[in-house]
Amino acid sequence: DIRYEFHPHSGLDPEHCSFEDYLTLESSRRRLPSTDEQPWRPFRTRLDFEVSEFAQENMLNRAATNKLLSLIRRCGTNLEEFTIRNWEDMNKQWDAASKKCTDFETYKVEVPYKNTLVPFKMHARPLWNWALDLIQDPRLAKCFPWTADAFWELQSTLPKNISAKLFPLYIYADKSKLSSFGTQKAHPIVIRVLNIIVGIRNSSEWGGGQVVGELPIIDDDTAESGKTGYVNFKHAMWHAAFYKLLESIASISKTGVWTTCGDGEKRWLFPCIVILSADYEEAAIMTLIRGVMGNNPCPVCLIKIDEQADLSIVKDLRTAAGSQEAVKKAREGTVEAGEDLLKDLGLRKIDNVFWNIANSDPHRAISFDRLHSHHSGLWGDHLFTQLKVHFKELGDRQSAKVDQQFDALPRWRGLNHFKTVTNISFNDGSKHEDIAKMMIFAAHNILTAETDKIGVLLLACIRSYLELDMYAGLELHTADTIADGRRQLQKFDQLLKKYRDACEGTDFADKNWNFPKAHLHQHLFNDIERKGVTRNYNTKISEPMHRPLRDAYHNQTNFKNVQPQILRSVHRRMVGKYIREQLGDLDQFLDEEDPENLPPTDLEAVGNVVVGSKLPAISFLVLEAEMKTDTAFTKFRIRFAEFLNVFLPAFGYPLPRGKRVALVAGEEIIPYQFLKVFFKSLENWLDDVDFLRCNPCFHGLARYDAALVKTMQGNIFVRLVYVFTFEIDGRRHPFALVQALDVGIPQRYTKDRVLSLYRVRQREREKCEFISVHSIIRGALLVPDFEIQGDHLVVDIVDADMYFRIKMMY
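In full-length UniProt numbering, the protein residues as written are 1 to 810.
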């Protein structure tokens with residue numbers, strides 16, 4: 001029998017039951033059915049709940065959820081258009097659609113190692129078939145310009161036939177982790193067609209970068225790792241596998257192929273590889289040099305390992321012909337003699353896959369990678385690391401002060417904000433770029449001539465690096481900017497030498513500055529002249545293409561034999577983009593036919609500024625009462641009337657009823673907390689935009705941005721205090737109350753001169769004045785000096801346009 005005993009507090013006596021009855025009772029214990037006939041409440045309907053449940057379980061964000069709801073509503077009104085029954089049906093339709101574009105194929109690759117052929121699988125799209133998808137697309141036919149010296153040089157090697165044209169390619173490859181612990185990796189290859197316009201080419205949309213291959217990955221072997229033979233084996237596998245991708249263009253790169261293009265014209269096309277985009281480790285594999293510890297660690301030139309820190313040393317450039325001849329000679333002699341020859345040149349005894357493609361010298365194609373060479377490399381791994389050594393020498397209190405001041409720096413659109421920087425460690429080049437831009441403004445009063453003279457030299461190096469990086473990142477170059485950039489490179493080299501010399505015999509002397517990323521920017525401006533601006537070959541444009549592979553791995557594979565499953569997802573995404581582009585064209589055509597979709601004809605231009613974040617109208621009387629403790633608003637109404645009496649006639653507006661403006665306390669203005677300022681960028685001559693805030697509580701913090709303003713006396717910086725519109729003769733005009741930063745500074749401080757800091761000094765609060773917001777040229781990022789109350793420093797390196805404007809002003 002089974003005995004049940006209850007807690008004494010229950011007041012229940014013990015009970016007995018047979019074992020059979022116990023089993024029956026226990027097996028019948030189930031949750032009671034709900035008596036709620038509408039358990040989905042407070043959802044309005046059961047379907048509402050089930051759709052919401054799906055969105056929650058699949059962690060859809062707001063945009064994805066809205067898209068799902070929009071599609072469901074369309075199904076409700078056009079049920080006959082939705083025929084997919086289930087996942088299997090959808091999968092079949094994707095398989096059918098996948099034939100619209102060149103799909104991946106699987107190739108067998110065998111590479112010898114220790115007298116055994118080791119097999120691998122290489123997944124790749126047949127490259128020329130993939131290229132034809134773009135070449136023969138009529139929508140891309142007008143998007144094929146390209147300019148740079150390399151294009152000119154290579155075009156000169158082609159037959160003298162008006163129809164003979166280069167078909168230049170950009171290739172990016174890099175290994176990435178798919179799983180959290182890095183046990184599952186991918187090694188995608190991304191290709192772009194270089195004579196497609198940059199806006200399309202640098203995107204991941206149709207006509208932009210596409211994953212065209214997946215290199216096999218050799219698992220690390222502890223017993224073999226580091227051995228020369230094993231390292232050479234892995235490099236040989238990389239090149240043997242890569243050939244499967246390039247095989248379809250190997251012969252036609254030499255002979256050319258007549259092709260009917262998207263515009264209907266026949267052209268004699270010669271595919272070639274003009275740009276190889278990679279971080280240093282991948283570049284070493286692409287060019288088959290021996291890497292960071294080789295005698296000649298540069299993939300472009302023959303600089304010696306102990307000469308990399310000296311940018312004044314210029315060595316001969318590597319060439320494919322020279323490397324090919326060296327490998328040939330190494331094979332003809334003894335093993336020892338061949339090894340000595342190649343070791344002296346920093347080369348490996350392996351045939352380079354790019355030797356098979358005409359006009360595709362890998363040493364000339366490998367390009368300066370701003371992301372890894374500058375942001376993650378020279379700055380992140382070296383200058384920043386060395387700077388933290390100086391902070392550490394000053395003690396924890398000063399390090400904490402750096403963090404506090406970094407956190408106190410104003411926020412700016414497009415610029416990451418950091419609460420702490422001295423103890424963080426990561427490998428995000430974009431974040432490193434932003435930290436570098438702001439570091440001097442947080443550290444100039446900590447590393448001083450009094451506390452750390454050598455540290456000041458390092459800050460001067462960093463300032464020069466930032467200016468050099470500004471030139472490296474320009475989206476448009478002229479002969480003048482290239483010359484200026486070369487001068488800045490020389491200046492950086494001289495300052496770094498000065499810093500290294502000052503470190504001799506000190507605790508800072510341990511730093512070794514002979515590393516590849518200290519040298520690679522010697523080739524920066526040659527690359528710009530040959531291959532265009534760095535955004536053409538910065539790995540930053542292709543690194544985001546790793547994310548869809550990771551997403552596919554986590555969400556669309558069974559975690560076994562994942563490469564084919566991932567590439568199927570990648571291909572379907574590409575096909576989806578191809579179809580979506582065509583649907584967009586169709587929708588646009590239909591929209592243009594529909595009068596309902598024509599823009600209204602009564603839009604009013606308001607110059608270069610748009611106001612937003614509108615607040616309720618407020619009278620002068622109420623405003624002055626609410627802001628009575630702020631001297632900027634003292635006699636707001638009277639001062640604004642005085643301003644209008646000068647402003648209106650000066651800018652061609654008649655005074656109301658021909659009389660001087662006299663405002664009454666009950667009249668109202670409409671406040672705003674946001675400005676969108678449009679301006680013509682001095683960097684690339686294109687339209688750009690700044691978002692400016694004038695908000696006492698923007699995401700929990702006061703935000704009063706600064707701006708560069710045009711006045712009769714010249715351009716000055718101001719701080720926004722209050723933005724509003726006021727109606728005059730039936731027309732609303734936008735104005736702002738601002739605090740000008742135009743107080744004269746008698747003499748430039750030594751620190752400002754050494755670190756190229758541009759100082760401005762603000763007026764007293766009670767001397768705020770009014771401006772028309774149309775006088776705003778663009779926004780400005782100003783940071784407090786931290787030592788001198790009312791002094792601010794202009795962040796000229798926030799972008800190239802501001803950098804050039806400041807150079808013109810000072």
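Cβ coordinates follow ideal geometry from the N, Cα and C atoms, glycine included.
What you are looking at is a predicted structure, and each value in this text was computed from that prediction instead of being measured.
Delimiting residues of the beta strand (DSSP E) encompassing residue i
i, result
"residue 803", "It is not in any beta strand (DSSP E) - residue 803 instead sits in the alpha helix (DSSP H) that spans 800-809."
"residue 113", "105-113"
"residue 715", "714-728"
"residue 557", "Element bounds for residue 557: n/a, residue is neither H nor E."
"residue 824", "What is shown of the chain runs 1 to 810, which leaves residue 824 out entirely."
"residue 352", "Premise fails: residue 352 is in no beta strand (DSSP E) and is neither H nor E."
"residue 695", "687-698"
Cβ distance (whole Å) where residue i is taken to contact residue j below 8 angstroms
i, j, result
"residue 673", "residue 723", "7 angstroms"
"residue 447", "residue 365", "Contact flag wrong, Cβ pair sits at about 41 angstroms."
"residue 539", "residue 381", "So it is not a contact: roughly 16 angstroms between Cβ atoms."
"residue 363", "residue 326", "Actually they are not in contact, since the Cβ atoms of residue 363 and residue 326 sit about 12 angstroms apart, beyond 8 angstroms."
"residue 471", "residue 488", "6 angstroms"
Euclidean distance between Cα positions of residue i and residue j
i, j, result
"residue 419", "residue 567", "40 angstroms"
"residue 394", "residue 451", "8 angstroms"
"residue 230", "residue 191", "29 angstroms"
"residue 94", "residue 163", "38 angstroms"
"residue 198", "residue 756", "33 angstroms"
"residue 771", "residue 805", "21 angstroms"
"residue 799", "residue 439", "15 angstroms"
"residue 777", "residue 790", "23 angstroms"
"residue 497", "residue 754", "16 angstroms"
"residue 705", "residue 580", "39 angstroms"
"residue 384", "residue 502", "18 angstroms"
"residue 441", "residue 494", "23 angstroms"
"residue 302", "residue 515", "14 angstroms"
"residue 403", "residue 691", "26 angstroms"
"residue 742", "residue 286", "54 angstroms"
"residue 386", "residue 122", "42 angstroms"
"residue 29", "residue 12", "Confidence at residue 29 is low in this model, with a pLDDT of 49, below 50, so its placement is unreliable and the value that follows should be read with caution. Going by the C-alpha atoms only, they are around 21 angstroms apart."
"residue 3", "residue 20", "13 angstroms"
"residue 746", "residue 713", "18 angstroms"
"residue 597", "residue 583", "For residue 597, the predicted model reports a pLDDT of 43, less than 50, meaning its position is unreliable; a value from the coordinates is still stated below. Answer to the nearest angstrom: the Cα atoms are 17 angstroms apart."
"residue 827", "residue 195", "Outside the shown range of the chain (1 to 810) lies residue 827, about which nothing can therefore be said."
"residue 312", "residue 734", "55 angstroms"
"residue 614", "residue 807", "36 angstroms"
"residue 390", "residue 298", "30 angstroms"
"residue 578", "residue 206", "6 angstroms"
"residue 392", "residue 379", "18 angstroms"
Span of the alpha helix (DSSP H), counted from its first residue to its last, around residue i
i, result
"residue 525", "524-531"
"residue 345", "335-345"
"residue 782", "Here residue 782 belongs to no alpha helix (DSSP H); instead the beta strand (DSSP E) covers 782-784."
"residue 384", "384-394"
"residue 77", "62-77"
"residue 330", "320-332"
Beta-carbon proximity check, residue i vs residue j, cutoff 8 angstroms
i, j, result
"residue 331", "residue 343", "no"
"residue 575", "residue 97", "yes"
"residue 632", "residue 739", "yes"
"residue 236", "residue 111", "yes"
"residue 272", "residue 168", "yes"
"residue 520", "residue 368", "yes"
"residue 774", "residue 646", "no"
"residue 720", "residue 702", "no"
"residue 211", "residue 456", "no"
"residue 661", "residue 677", "no"
"residue 216", "residue 120", "yes"
"residue 357", "residue 218", "no"
"residue 749", "residue 796", "no"
"residue 245", "residue 127", "yes"
"residue 548", "residue 573", "yes"
"residue 794", "residue 410", "no"
Pick out the complete alpha helix (DSSP H) segments inside the segment 401-481, 4 residues or longer, and give them in chain order.
429-443, 453-472
I'd like the ranges of any beta strand (DSSP E) spanning at least 3 consecutive residues and lying wholly in the segment 119-180.
Counting whole runs of 3 or more residues, the segment 119-180 contains the beta strand (DSSP E) stretches 164-173.
What ranges does the beta strand (DSSP E) occupy inside the segment 622-681, keeping only unbroken runs of at least 3 residues that lie completely in it?
668-680
Which runs of the alpha helix (DSSP H) at least 4 residues long sit entirely within the segment 203-285? Give them in chain order.
Secondary structure in the segment 203-285: the alpha helix (DSSP H) runs of 4 residues or longer, each lying completely within the stretch, are 228-250, 252-255 in chain order.
Contained beta strand (DSSP E) runs [length at least 3] in the segment 755-779, N- to C-terminal order
759-761, 769-772
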